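Asks: Quick one: the structure is below, and I'll ask about it shortly.
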Amino acid sequence: MQWLWFPVLGALWLVPYLVLVSGYFMAFFPFAFVWDVDVPDPPGSGRRFRWRRRMWLNRKRMRRECSRDVLWVEDQLRALFDGRAPVLEGRQSSGTTWRHRDGRVEVDDSYFRQLGVARALRIAQEHGWSADEAGLRAAPTWLVFHRAGTEG
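If you read the sequence shown in this note's numbering, its first letter stands for residue 14, the second for the next number, and so on.
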């Protein structure tokens with residue numbers, strides 16, 4: 014008769030652990046990206062999923078848009094022009110920058126919204142980039158820059 018109690022007591026013993034593990038995966042793990050907690054990658058040499066990279070880029074964009082530190086936002090814009098931040102060929106998944114094959118660069122407003130278009134143009138000119146009439150056409154949303162010595 015004693016063996017009938019074993020499954021019941023075993024289940025009661027496992028309940029706190031199951032609640033703890035499910036709480037981790039249901040509560041902490043989804044918010045780890047929002048809280049900027051670096052979750053270690055799973056072991057092995059598996060293929061990295063694209064959604065993790067996309068989420069990282071969007072998080073950087075959100076950080077620029079929500080930042081109250083204007084000097085930091087200005088440094089992020091300067092990093093695009095002086096080569097510290099990569100500008101990838103083709104449209105990125107977050108859509109923040111886009112380098113054309115002819116050398117033009119489209120920059121999203123998250124880089125210059127707090128600075129203003131005029132300040133962004135001055136920063137670009139300091140680094141040898143300029144924007145013409147066509148580059149200012151979508152000025153509240155995008156700016157299109159090209160090297161000052163080349164035609165755009």
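Where is the CB? At the ideal position from N, CA and C, for every residue including glycine.
Because the structure is a prediction, the values reported are computed rather than measured.
1) Taking all protein chains shown into account, decide if S123 is buried (16 or more other Cβ within 10 angstroms of its Cβ) or exposed.
2) If you run the structure through DSSP and keep just helix, strand and coil, what is E119?
3) How many angstroms separate the CA atom of R97 from the CA atom of S143?
4) For R132, which residues from the same chain have a beta carbon less than 8 angstroms from its beta carbon, with the 5 sequence-adjacent residues on both sides left out?
5) Find out if the Cβ-Cβ distance for the pair F94, H159 is shorter than 7 angstroms.
6) So, helix, strand or coil for S35, using DSSP?
7) Are R91 and I136 close, meaning C-beta to C-beta below 7 angstroms?
Replies: Quick answer:
1) Around the beta carbon of S123, 16 or more other beta carbons lie within 10 angstroms, which makes this residue buried.
2) E119: strand per DSSP, three-state reduction.
3) The alpha-carbon atoms of R97 and S143 are separated by roughly 19 angstroms.
4) Taken in chain order, the residues that qualify are E87 and F125.
5) Cβ atoms of F94 and H159: not closer than 7 angstroms.
6) Helix.
7) Against a cut-off of 7 angstroms, the Cβ pair of I136 and R91 comes out as a contact.
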